[in-house]
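First comes the structure, then the notes that go with it.
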Amino acid sequence: MLPIHTGRAAGAQGVHTSETDEIQRASVEGVTTSHQGAIEQSQMPGAYPPSPTATPFEMSPELRSEAAKFAKKPQVASKEYLSERMQLEGSYLAELQKHAEKTDSPDSAFVSFPQIARDLGLENPVADNIERLQQQTTQELKEILKGAKPDQDRMQALTMQLKKLLSEQTELFAHQAAKYEEVKRMDGLPEEAKINIQRSELSFSAYATKTACDVPNMVAQAHEKASLIEHSLKAIGHEDEAKPWTATTKELEGLQKDISSDFKKAVDQAKLTLLVDEYQKVSGDWKNKGMAFIGQGARQGWLSGFALGTVRAFTLAGLEGNKAAQVFGAGATTGIAHEIGTQLLAPVVLEIMGGATRPINTAEVLPAPNKFVSENGVVRERNEDEMKAAQKEVADLRKEHEQSKNANKTGSLPGEAKAWSFFSGIQGASAAITSNMDLTSTQQAGAITLGSIIAGFFMGATHGADGLNAKMKDQYGRALPAHTMKKPSDAPLKARLKDTIDAGWAKLNPADTSARKVYENKIAALTVGLGYQRVLDPAIKAVENSSPAVKAGVTGFVTGVQSIMLLSQAWGGFGIGAQTAADKKAAAAERKEKNLPEPEQGRFDRLNTARLNVFNPGRDAYTHATKDGVARLAENAYTVLQGIGEIPETAVTDMLEATPSLLEDAGRMIGSGAQTLFRPSREAQANSADGGSAAAEEHEMATLSSKGKTVSSAERGESSGQQGRGESSKQPQR
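Set out below in structure tokens:
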């Protein structure tokens with residue numbers, strides 16, 4: 001079946017996001033979309049001239065009869081009327097596409113949403129008016145842009161016209177989206193009716209996606225022209241003549257801001273069906289799943305084999321005989337190796353292999369609720385209570401969508417449990433097989449490395465493929481994927497690898513605080529995990545002289561459990577930085593909501609997150625991957641166990657980071673204390689001053705007396721008073 005082409009539109013600043021720019025090719029029955037560049041006017045539905053040899057499309061007699069009957073019906077405000085019309089539009093699209101297939105004329109499969117109504121003999125006054133106004137505005141803008149200095153009144157009139165066009169488009173998008181929402185909620189619709197309604201909605205969504213770009217582009221062009229004229233007039237000293245252009249420029253700037261508010265929300269609602277459909281196709285494509293399985297499996301296999309395998313295993317072998325040195329030495333080397341592998345080795349492998357996926361922006365597929373609602377075909381604005389209820393519904397759905405994204409990565413119980421099963425099983429089986437072999441330490445390290453490569457491959461492969469499979473249902477029962485394929489770069493492989501290595505290398509500088517904290521987190525987490533492993537060493541030692549079967553069974557089982565103990569603690573510590581940032585963000589939002597004062601700069605933020613993991617694992621800011629219930633209780637218990645191990649990790653790492661500032665504070669305190677200790681009190685200073693004055697006076701009196709002179713008491717008082725009060729006026733002598 002040849003589809004309706006609805007490519008991604010370009011140039012809508014403030015309308016599209018970086019995430020929507022990366023949508024891949026997608027289609028459903030009746031409609032296909034493409035990521036191959038921006039929609040050009042020649043690509044628009046209805047814009048294709050028919051091929052010279054193409055057979056003109058004619059509706060079937062049945063559809064023509066249905067359309068004629070429906071056109072005679074009075075336009076009434078009811079959801080049944082809306083549903084019937086949408087089904088009729090969907091049937092028209094289905095026949096049009098069959099005709100395109102049959103005649104091998106793909107051009108004829110493209111039709112605009114307003115054109116559907118015209119072909120069916122139906123009225124669509126709002127869309128027709130917008131189309132007419134848009135054509136007039138486009139032509140007027142072209143004429144204005146031609147001249148070096150267009151008439152100012154004409155530019156002002158164009159600005160008013162753009163405002164009107166923007167307002168009417170916003171209303172059309174929001175109102176039509178509300179009508180589709182009501183119809184989709186209707187009970188008892190047959191499957192064929194649902195498919196035809198979806199075809200109609202997809203056609204409208206494609207129309208909205210394209211036309212949403214036109215007005216912002218025209219506003220931007222008009223603003224650029226007005227601003228250029230304004231600055232040109234000011235440059236030659238014509239300030240008075242520039243004033244009206246300044247006003248027009250500011251008005252167009254305000255219009256640009258409007259585009260990113262109500263207009264953007266209306267566009268997000270209108271294009272939602274097309275967007276979700278694209279994501280569904282991409283995530284459901286078996287070729288994409290295969291690429292994600294192989295590419296991400298290879299990425300994780302090399303990373304695990306390098307860090308958890310080679311570096312860890314050979315460090316342990318080299319320090320054999322000293323358990324403390326093994327724990328701390330392997331913790332340090334493995335932590336550093338893991339970060340180097342994460343930033344350099346893993347992304348290089350993924351760039352070569354392909355298959356990269358990305359999480360879908362939740363706000364894209366679950367936008368802010370429409371401020372309009374349709375009730376039996378009548379569109380009205382939601383009241384305050386209705387808006388709050390709609391916002392709560394969207395907020396709850398967004399939480400669920402985030403959980404579906406978290407379920408296939410480390411940092412969540414479901415994601416980590418999938419990884420355990422491979423590492424525990426493979427390393428346990430390897431240990432069981434080699435338990436009765438006389439292997440050297442180096443040979444054992446080689447076996448561990450091989451096991452890590454295999455387990456890492458299946459861990460990454462499962463996370464990649466299952467990430468594309470992960471979905472949740474929205475309020476209309478529509479499946480919302482959690483991940484999609486990342487858009488590949490068109491640059492040559494050599495250039496991509498250089499960029500990847502440069503970006504990774506920049507993140508490895510230990511002089512950078514954020515990079516250094518990652519090293520600290522990984523080293524501390526792996527050290528604690530390796531320490532946990534040692535708890536079960538006696539169980540393996542106890543069966544050294546047992547029968548081969550018992551020895552293999554116990555060794556394999558215990559090694560599998562040890563693998564879980566190491567990895568669960570390691571992955572918890574690896575994610576402590578991101579979780580700390582999430583906790584701080586949540587705390588800041590709470591302070592803002594409650595108008596609380598900002599706290600002092602925290603030195604032990606990571607330790608605080610570890611504490612929260614132990615005492616409040618169910619908090620909203622945590623990376624949850626389960627819904628409330630038994631699964632959430634299990635997830636919380638797992639988080640508590642990880643948190644217990646994270647407390648000593650984060651206490652040490654935070655203390656390392658805080659030591660310089662603590663020493664600086666201590667130095668200031670010691671200096672301040674010393675000054676206080678050796679600074680005389682005011683009373684002592686006063687006594688010292690009085691004592692010095694009296695001694696000087698006595699010395700002077702003694703000197704004068706020895707010369708035969710007498711000093712009166714008045715003179716003595718004057719002297720004393722001058723010293724004590726610091727006065728400078730002299731009293732007359734008698």
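Numbering of the sequence shown is given in my numbering, commencing with residue 1 and proceeding in unit increments. Idealized CB from N, CA, C, for every residue including glycine.
Inset, instruction - Rank 72, 447, 101, 581 by C-alpha distance to the C-alpha of residue 311 and give the top, closest one. - result: Indexing the sequence shown from 1 puts residue 311 at position 311. Comparing Cα-Cα distances from residue 311 to each of 72, 447, 101, 581, the minimum goes to 447.
Legend entry - Best match in 439, 526, 450 for proximity to residue 570 [C-alpha to C-alpha]: Translated into positions along the sequence shown, residue 570 becomes position 570. Cα-wise, what sits closest to residue 570 is 526.
Legend entry - Host alpha helix (DSSP H) of residue 311 (start-end): As a first step, residue 311 is located in the sequence shown; it is residue number 311 there, counting from the start. Note, residue 311: premise wrong, no alpha helix (DSSP H); not H, not E.
Inset, instruction - Return the residue from the list 563, 509, 513 that minimises the CA-CA distance to residue 534. - result: On the sequence shown, position 534 is the one that residue 534 refers to. Ranking the options by Cα distance to residue 534, first place goes to 563.
Inset, instruction - Check whether the Cβ atoms of residue 313 and residue 449 sit closer than 9 Å, and answer yes or no. - result: Against the sequence shown, residue 313 aligns to sequence position 313. Against the sequence shown, residue 449 aligns to sequence position 449. Result yes, Cβ atoms of residue 313 and residue 449 sit closer than 9 Å.
Legend entry - Exposed unless 16 or more other CB atoms sit within 10 angstroms - verdict on residue 595: Here residue 595 refers to the residue found at position 595 when the sequence shown is read from its first residue. Exposed, by the Cβ-count rule.
Inset, instruction - Take the Cβ of residue 476 as the centre, count every other Cβ of all protein chains shown within 10 Å, and call the residue buried at 16 or more, exposed below. - result: Translated into the one-based positions of the sequence shown, residue 476 becomes position 476. Classification for residue 476: exposed.
Legend entry - Three-state secondary structure assigned by DSSP to residue 579: One-based indexing of the sequence shown puts residue 579 at position 579. Note: residue 579 maps to helix in three-state DSSP.
Legend entry - residue 5 versus residue 94 - alpha carbon distance: Reading the sequence shown from its first residue, position 5 is the one you call residue 5. Reading the sequence shown from its first residue, position 94 is the one you call residue 94. Annotation note: pLDDT 38 at residue 5 (below 50); position unreliable, no value reported.
Legend entry - C-beta contact flag for residue 295 and residue 356 at 9 Å: What you label residue 295 is simply residue 295 of the sequence shown in a count that begins at 1. What you label residue 356 is simply residue 356 of the sequence shown in a count that begins at 1. Contact: yes.
Legend entry - Start-to-end residues for the alpha helix (DSSP H) that takes in residue 412: Stepping through the sequence shown from its first residue, residue 412 is reached at position 412. Counting along the chain, residue 412 falls outside any alpha helix (DSSP H), and DSSP gives it neither H nor E.
Legend entry - Close beta carbons around residue 651, own chain, < 7 Å, minus the five adjacent residues each side: Working through the sequence shown from its first residue, we reach residue 651 at position 651. Contacts found: 607.
Inset, instruction - May I ask you to list the residues that DSSP assigns as paired with residue 380? - result: For the purposes of this step, residue 380 is taken as the residue at position 380 of the sequence shown. The partner list for residue 380 (beta bridge, DSSP) reads 373.
Legend entry - Alpha-carbon spacing of residue 143 relative to residue 203, whole angstroms: Position 143 of the sequence shown, counted from the first residue, corresponds to residue 143. Position 203 of the sequence shown, counted from the first residue, corresponds to residue 203. Cα to Cα, the separation comes out at about 32 Å.
Legend entry - Pairwise C-alpha distance: residue 212 and residue 230: Start at 1 with the first residue of the sequence shown, and residue 230 comes out as number 230. Start at 1 with the first residue of the sequence shown, and residue 212 comes out as number 212. So the alpha carbons of these two residues sit roughly 28 Å apart.
Inset, instruction - In the DSSP assignment, find the unbroken alpha helix (DSSP H) run with residue 442 in it and report its ends. - result: Numbered from its first residue, the sequence shown carries residue 442 at position 442. First-last of the alpha helix (DSSP H) with residue 442: 441-469.
Legend entry - Endpoints, alpha helix (DSSP H) assigned at residue 480: Numbered from 1 along the sequence shown, position 480 holds the residue referred to as residue 480. It is not in any alpha helix (DSSP H) - residue 480 instead sits in the beta strand (DSSP E) that spans 479-481.
Inset, instruction - Would you decide whether residue 544 is buried or exposed? Buried here means 16 or more other CB atoms lie within 10 Å of its CB. - result: Indexing the sequence shown from 1 puts residue 544 at position 544. Residue 544 comes out exposed.
Inset, instruction - Identify every residue that forms a DSSP beta bridge with residue 358. - result: To locate residue 358, count along the sequence shown from 1; it is residue 358. Per DSSP, 484.
Inset, instruction - Buried or exposed for residue 484, please, with buried defined as at least 16 other CB atoms from any protein chain shown within 10 angstroms of its CB. - result: As a first step, residue 484 must be located in the sequence shown, where it is residue number 484. Residue 484 should be labelled buried.
Inset, instruction - Determine the contact status of residue 162 and residue 252, defining contact as a CB-CB distance below 9 Å. - result: Sequence index remark: in the sequence shown, residue 162 carries index 162 (1-based). Sequence index remark: in the sequence shown, residue 252 carries index 252 (1-based). A contact, by the Cβ cut-off of 9 Å.
Legend entry - Proximal residues to residue 233 (C-beta, below 7 Å), its chain only, five neighbours per side dropped: On the sequence shown, residue 233 is found 233 positions in, with the first residue counted as 1. Excluding sequence neighbours, residue 233 sits near 241, 242, 245.
Legend entry - DSSP-derived helix/strand/coil call for residue 73: As a working mapping, residue 73 is identified with position 73 in the sequence shown. Of the three classes helix, strand and coil, the one that applies to residue 73 here is coil, per DSSP.
Inset, instruction - Kindly indicate which three-state DSSP category residue 194 falls into: helix, strand or coil? - result: Along the sequence shown, one-based indexing puts residue 194 at 194. Helix.
Legend entry - Assigned secondary structure, residue 473 (DSSP; H/G/I helix, E/B strand, else coil): Translated into the one-based positions of the sequence shown, residue 473 becomes position 473. Residue 473 falls in the strand class under three-state DSSP.
Legend entry - Spatial distance of residue 21 from residue 499 (CA atoms): Against the sequence shown, residue 21 aligns to sequence position 21. Against the sequence shown, residue 499 aligns to sequence position 499. Summary for residue 21: the model assigns pLDDT 37, below 50, so the residue's position carries little reliability, and this model does not support an answer.
Inset, instruction - Let me know if residue 378 comes out buried or exposed under the rule of 16 or more other beta-carbons within 10 Å of its beta-carbon. - result: Walking along the sequence shown from the start, residue 378 turns up at place 378. Exposed, since its Cβ has fewer than 16 Cβ neighbours within 10 Å.
Inset, instruction - Count the CB pairs spanning the segment 358-376 and the segment 168-177 that are closer than 8 Å, and state whether there are at least three. - result: yes
Inset, instruction - Using beta-carbon positions only, say whether residue 407 and residue 482 come within less than 9 Å of one another. - result: Residue 407 sits at position 407 when you count from the first residue of the sequence shown. Residue 482 sits at position 482 when you count from the first residue of the sequence shown. Yes, these two residues count as a Cβ contact at 9 Å.
Inset, instruction - Confirm, please, whether the CB-CB distance from residue 77 to residue 376 is below 9 Å. - result: As a working mapping, residue 376 is identified with position 376 in the sequence shown. As a working mapping, residue 77 is identified with position 77 in the sequence shown. It is a contact, given that the beta carbons lie within the stated cut-off.
Inset, instruction - Quick one: grab the DSSP three-state call for residue 111. - result: Your numbering for residue 111 matches position 111 in the sequence shown. Coil.
Legend entry - 6 Å Cβ shell around residue 554 - same chain, five flanking residues per side excluded: Here the question's residue 554 lines up with position 554 in the sequence shown. Cβ neighbours of residue 554 beyond the five flanking positions: 543.
Inset, instruction - Classify residue 92 as helix, strand or coil using the three-state DSSP reduction. - result: Here residue 92 corresponds to residue number 92 of the sequence shown, with the count starting at 1. DSSP places residue 92 in helix when its eight states are reduced to three.
Inset, instruction - Confirm, please, whether the CB-CB distance from residue 271 to residue 178 is below 9 Å. - result: If you number the sequence shown from 1, residue 178 lands on position 178. If you number the sequence shown from 1, residue 271 lands on position 271. No.
Legend entry - Inter-residue spacing [alpha-carbon to alpha-carbon] between residue 326 and residue 332: The residue labelled residue 326 in the question sits at position 326 within the sequence shown. The residue labelled residue 332 in the question sits at position 332 within the sequence shown. One C-alpha to the other measures close to 10 Å.
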